[in-house]
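Data block below; observations after.
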Amino acid sequence: MDETNSEDFSFDARTTSQQFQQRLLAAQQSSTEREINDSIESHNADAQESNQVPLEEQRQILQEQVMELEKEVAKLRHDLMIRRQRREKEASVVKLTPEQRAQLQEEHVEEEEPMDLNVIFDYLIHVASEPLPSNAADMSASDLVQSHAELRERAMQDPEIRSQIDFAHIEFTKTSNKIERLPDGSGTVRHCELNGSTYGQQFTVTFNIQEDQLCIENLKLEVDVETQFELSTLLTRIEEECNLLGFFRLLVHYGRLVDDRRKLFQDLHESYSSSISVEAIGSNTLKFYKEQDHEVRLIWDINILNMDMSINICEQVIPNIRMEAYTTGSPEKQELYSRIPSHFTRLLSMKGSLAATRFLIDAVFGLNR
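The sequence shown begins at 24 in this note's numbering and counts up by one.
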């Protein structure tokens with residue numbers, strides 16, 4: 024380029040024109056804004072994707088946990104149903120006769136239940152959490168483990184145990200179980216002792232079990248004096264035959280009869296003691312009188328039938344309820360009183376002991392009830 028041309032073209036107009044600078048600045052700003060927007064969009068997309076992945080995984084984990092809990096609940100419900108069925112079956116066995124029990128035992132299939140490891144682990148954790156005794160060699164005063172009496176007391180207060188006691192009317196207060204190995208190595212003998220009560224009557228049972236032969240030997244029974252007096256014949260035969268089941272069936276049946284008699288006498292005494300004189304003569308007789316010249320006696324004895332032990336033993340112990348009347352009045356009155364026993368027997372079969380007694384007592388003593 025020559026001088027003439029260079030003078031005509033100003034130096035400031037080459038690269039520093041205002042229009043060019045504005046376009047360049049606008050291009051730079053546009054590029055910068057585009058980069059910023061792209062960066063923001065990329066960051067938002069990455070953040071959204073990173074948030075979606077953990078939420079999906081968390082939902083999957085929660086679903087798996089819910090399914091596991093549902094399976095555990097279903098298993099627990101199944102176990103509870105099986106235990107309830109077993110309890111109901113055991114409770115129904117109490118009412119069976121010896122023949123039905125023998126048949127049920129033959130049809131019964133032994134089932135092994137799985138060990139409840141959770142209970143074992145909980146107990147071990149409980150033991151490990153207890154403080155050690157000051158003298159490790161002396162365990163007498165230690166609280167490291169609960170005593171047998173405490174554990175048994177807690178078990179006896181369990182609702183299922185209480186319901187079984189209320190159903191069977193037999194409550195064991197003390198049990199003993201000792202195993203002895205025979206010196207000749209022929210087997211083992213289990214020495215058992217049971218103490219308890221039924222309908223308020225105490226009993227003690229001791230016997231041996233030959234485990235190799237699965238039989239009971241040396242059965243010894245101890246009951247109340249009155250029970251021993253009335254049931255001595257049957258108790259002797261039960262000891263001779265080692266009929267442990269028969270003893271409990273007999274004791275519960277006899278206890279129920281004695282309890283019914285006690286409740287009847289108590290109800291009659293409370294009903295008539297304010298109107299006439301009521302006096303208990305022993306445990307089997309209740310005397311009603313208003314004047315010394317006449318009286319009525321309600322007698323409840325328990326009769327023992329001499330029958331074969333192979334039948335239901337409860338059928339050999341039956342109540343004998345009767346009413347007797349005495350008077351020193353006129354012959355007509357004596358004749359009237361002599362009919363009271365037969366009238367009571369007829370009413371007893373029709374209305375029951377309580378209603379029959381009330382009807383005749385009201386009629387004899389002229390009570391308006």
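All residues carry an ideal CB built from backbone N, CA and C; glycine is no exception. In this text the structure is predicted, and so the values were computed from the model without any measurement.
(request) Note down the Cα distance separating D247 from L119, rounded to an integer number of angstroms. (result) 26 Å
(message) On the CB-based measure, 16 or more other CB atoms within 10 Å of its CB, does G278 come out buried or exposed?
(response) buried
(message) By alpha-carbon positions, which one of F270, L103, L280 and I105 ends up nearest to P342?
(response) L280
(request) Can you tell me which of H192, F367, I344 and S298 puts its alpha carbon nearest to the alpha carbon of N391? (result) S298
(request) Measure how close the beta-carbons of H5 and C337 come, nearest whole angstrom, since I'm counting them as under 8 Å. (result) For the chain, the structure presents residues 24 to 392; residue 5 sits outside this window and is missing.
(message) Would you say the beta carbon of L309 is closer than 7 Å to some non-hydrogen atom of the ligand SAM?
(response) In the structure shown, the ligand SAM is absent, as is every other ligand, since no ligand is present at all.
(request) Give a yes or no on whether the C-beta atoms belonging to G210 and D181 are separated by under 8 Å. (result) no
(request) Could you tell me the distance, in whole angstroms, from the CA atom of R284 to the CA atom of Y360? (result) 24 Å
(message) Taking only three categories from DSSP, how would you classify N335?
(response) It is coil, neither helix nor strand.
(message) Does the contact criterion of 3 or more C-beta pairs under 8 Å hold for the stretch 245-262 versus the stretch 220-227?
(response) yes
(request) Mind checking which residues open and close the alpha helix (DSSP H) that includes T192? (result) Checking the displayed sequence, the identity of residue 192 turns out to be His instead of Thr. Neither: H192 is in no alpha helix (DSSP H) and is coded neither H nor E.
(message) I need the DSSP call for Q225, collapsed to helix, strand or coil.
(response) strand
(message) If you follow the alpha helix (DSSP H) that L390 is in, where does it begin and where does it stop?
(response) Neither: L390 is in no alpha helix (DSSP H) and is coded neither H nor E.
(message) Which residue marks the beginning of the alpha helix (DSSP H) containing E355, and which one marks its end?
(response) P354 to S361 is the extent of the alpha helix (DSSP H) around E355.
(request) Evaluate contact between the stretch 363-374 and the stretch 298-310, counting only Cβ atoms and requiring at least three cross-stretch pairs below 8 Å. (result) no
(request) Might you give, ordered along the chain, the residues of its own chain that have their beta carbon closer than 7 Å to the beta carbon of K197, omitting 5 neighbours on each side? (result) Annotation for K197: N218 place their beta carbon closer than 7 Å to its own, counting only its chain and skipping 5 residues before and after.
(request) Hey, could you find the ends of the beta strand (DSSP E) K286 is sitting in? (result) Note, K286: premise wrong, no beta strand (DSSP E); alpha helix (DSSP H) at L267 to Y295.
(message) Using the three-state DSSP reduction, which class does Q233 fall into: helix, strand or coil?
(response) strand
(request) Quick one: residues in its chain with C-beta nearer than 7 Å to the C-beta of T350, no 5 flanking neighbours on either side, listed in chain order? (result) D316, H317, K356, Q357 and Y360
(request) Following the continuous alpha helix (DSSP H) through T256, name the residue where it begins and the one where it ends. (result) V248 to E264
(request) Taking only runs that begin and end inside the stretch 51-132, name each unbroken alpha helix (DSSP H) of 4 or more residues, in chain order. (result) 121-130
(message) Short of 6 Å in beta carbon distance, which residues of its chain neighbour L321, apart from the five on each side in sequence? Order them along the chain.
(response) L309, M346 and T380
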